[in-house]
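Protein chains in written order, with the working numbering: chain V, 373 to 533; chain G, 373 to 533. Glycine residues also receive a C-beta, built at the ideal position from the N, C-alpha and C atoms. Below you'll find the structure, written out as structure tokens, and then a few comments.
Number of protein chains: 2
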Amino acid sequence: MPVGASPLFLREAEIRRGIELLYFGYTNMVKGADVRLAELGFGRAHHRALYFIARRPDMPVGDLLDLLNITKQSLSRVLGELQARGMVAQTVGTRDRRQRMLRLTPAGATLETELFECLRDGVTRAYGHAGQAAVSGFWTVLTGLIPPGDRPLIEALQAAE
Amino acid sequence: MPVGASPLFLREAEIRRGIELLYFGYTNMVKGADVRLAELGFGRAHHRALYFIARRPDMPVGDLLDLLNITKQSLSRVLGELQARGMVAQTVGTRDRRQRMLRLTPAGATLETELFECLRDGVTRAYGHAGQAAVSGFWTVLTGLIPPGDRPLIEALQAAE
DNA sequence: CATATATGTCAACATGGCTGACGTAAACCT
DNA sequence: AGGTTTACGTCAGCCATGTTGACATATATG
Numbered sequence: 373m374p375v376g377a378s379p380l381f382l383r384e385a386e387i388r389r390g391i392e393l394l395y396f397g398y399t400n401m402v403k404g405a406d407v408r409l410a411e412l413g414f415g416r417a418h419h420r421a422l423y424f425i426a427r428r429p430d431m432p433v434g435d436l437l438d439l440l441n442i443t444k445q446s447l448s449r450v451l452g453e454l455q456a457r458g459m460v461a462q463t464v465g466t467r468d469r470r471q472r473m474l475r476l477t478p479a480g481a482t483l484e485t486e487l488f489e490c491l492r493d494g495v496t497r498a499y500g501h502a503g504q505a506a507v508s509g510f511w512t513v514l515t516g517l518i519p520p521g522d523r524p525l526i527e528a529l530q531a532a533e
Numbered sequence: 373m374p375v376g377a378s379p380l381f382l383r384e385a386e387i388r389r390g391i392e393l394l395y396f397g398y399t400n401m402v403k404g405a406d407v408r409l410a411e412l413g414f415g416r417a418h419h420r421a422l423y424f425i426a427r428r429p430d431m432p433v434g435d436l437l438d439l440l441n442i443t444k445q446s447l448s449r450v451l452g453e454l455q456a457r458g459m460v461a462q463t464v465g466t467r468d469r470r471q472r473m474l475r476l477t478p479a480g481a482t483l484e485t486e487l488f489e490c491l492r493d494g495v496t497r498a499y500g501h502a503g504q505a506a507v508s509g510f511w512t513v514l515t516g517l518i519p520p521g522d523r524p525l526i527e528a529l530q531a532a533e
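This is the structure we're talking about:
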């Protein structure tokens, strides 16, 4: 922020606006996927696991736990259901045989793609109407909300596709 | 978006980046408030009710239901707890005596302020580092994620303080 | 006066978090 | 080689917060 920028810039109203838009924006983004998940008997927790496994194939269980920030017992339930329904498979780690590497089965990949498309449509529309500069600001502000220490974990998702 | 903007602009990587930042940004924004709420034996649902009642004092129950998009049975539990603990009070509507107008008690207002400050610190930092143009883009993209039909409801929160 | 609306309430259930305790296999360290 | 730590899994129970369905009451409205 340039020195001397309006002090009103950080007034309560602006903060509340951000809080509200973030809440409603997130809620609306996932609304479509929620419907599809419910039809299949899955929930948001399943989606999150599917999403990150799709994003980083062969991620070990521990990394997924770090990303989701839940207990292994919670993840275990979700992962067990996804495996039982043929969406996720495990292989023993090559470098460290204690690790279980997670990846999607073809059926899992198909479902993840379908769910991604639910989110994508809304995001594409929002990006398109806002323009590239706005999108860049959107990314910048959201990144600023993440504690610096946690950023590498998230940036690693976006590195080298 | 200007005609002829990069077609790469809407590639999958950009969409996924937005999805991830929105998820992690939201999660981190509310993390501090979650801690405080847990100390008091409240949860996020209580916070959402407190938040919107603070934002629009004397909002009728039905409006709050529309905003939160949950069933009246779910809200009723939360609201009952907030009333039992002296955070929220109801008055009979003046224009329509069937309505119950919600407002915070002084204790409720104190708590809401405290929780707001938990969110505010993170948002203020993110806004400050990003700059006003980025914040504007942040708002624009998030607004674009909300179905146009729902926007008036949310904009009404931000009108005429 | 009949009907619709705003709210409340009882009961049962699902999802997805949590804690605590315990077990196994593999890696790592000395 | 042996003890310790790490990665993962599992059993059991609890809590928060959402859901549906049915029904009750007071008030507004045509």
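Residue environment for Gly452 (chain G): exposed (fewer than 16 other C-beta atoms within 10 angstroms of its C-beta). In this structure Leu517 (chain V) is buried. Its beta-carbon is surrounded by 16 or more other beta-carbon atoms within 10 angstroms. Along the stretch 453 to 478 of chain G, none of the residues has a CB nearer than 7 Å to a CB of chain V. Residues of the stretch 490 to 513 of chain V whose Cβ lies closer than 8 Å to any Cβ of chain G, in chain order: Leu491, Arg492, Gly494, Val495, Thr496, Arg497, Ala498, Tyr499, Gly500, His501, Ala502, Gly503, Gln504, Ala505, Ala506, Val507, Ser508, Gly509, Phe510, Trp511, Thr512 and Val513.
Where Ala461 (chain V) is concerned, the enclosing beta strand (DSSP E) starts and stops at Val460 to Val464.
When rounded, the separation of the alpha-carbon atoms in Ala426 (chain G) and Ala461 (chain G) is 12 Å.
Boundaries of the beta strand (DSSP E) harbouring Arg472 (chain G): Arg472 to Leu476, taken from the DSSP string. Membership of Asp406 (chain V) in the alpha helix (DSSP H) is indicated by the continuous run Glu384 to Leu412.
Take the alpha-carbon of Asp430 (chain G) and the one of Cys490 (chain G): they are about 24 Å apart.
In the three-state reduction of the DSSP assignment, Pro432 (chain V) falls in the strand class, which pools E and B. At a Cβ-Cβ threshold of 8 Å, Ala505 (chain V) and Gly509 (chain G) count as neighbours. Distances from the alpha-carbon of Thr466 (chain G) to those of G:Pro432, G:His419, G:Leu422 and G:Pro524 put G:Pro432 closest.
The C-beta of His418 (chain G) has 16 or more other C-beta atoms within 10 Å across all chains shown, which makes the residue buried.
When secondary structure is reduced to three states using DSSP, Pro520 (chain G) falls in the helix class. Judged by DSSP secondary structure, Ala426 (chain V) falls within the alpha helix (DSSP H) whose first and last residues are Arg416 to Arg427.
The distance from the Cβ of Met473 (chain G) to that of Thr463 (chain G) is about 5 Å, consistent with a contact at the 8 Å cut-off. Taking a beta-carbon distance threshold of 8 Å, Arg389 (chain V) counts as an interface residue toward chain G. Leu454 (chain V) is a Cβ neighbour of Leu422 (chain V), given a cutoff of 8 Å. Taking 8 Å as the upper bound for CB-CB distance, Thr515 (chain V) and Leu514 (chain G) are not in contact here, some 15 Å apart. With fewer than 16 other Cβ atoms from the protein chains shown falling within 10 Å of its own Cβ, Thr443 (chain V) counts as exposed. DSSP places Gly503 (chain G) outside both helix and strand once states are collapsed to three, so it counts as coil. With fewer than 16 neighbouring CB atoms inside 10 Å of its own CB, Thr482 (chain G) falls in the exposed class. Against chain G, the beta carbon of Ile442 (chain V) has no neighbour under 9 Å; the closest one sits roughly 11 Å away.
Near chain G, meaning a CB-to-CB distance below 8 Å, the residues of the stretch 391 to 412 of chain V are Ile391, Glu392, Leu393, Leu394, Tyr395, Phe396, Gly397, Tyr398, Thr399, Asn400 and Met401. Between the alpha carbons of Arg389 (chain G) and Leu525 (chain G) lies a gap of roughly 28 Å.
Counting the other Cβ atoms within 10 Å of the Cβ of Gly415 (chain G) gives fewer than 16, which makes it exposed.
Interface criterion not met: the Cβ of Arg416 (chain V) is under 8 Å from no Cβ in chain G.
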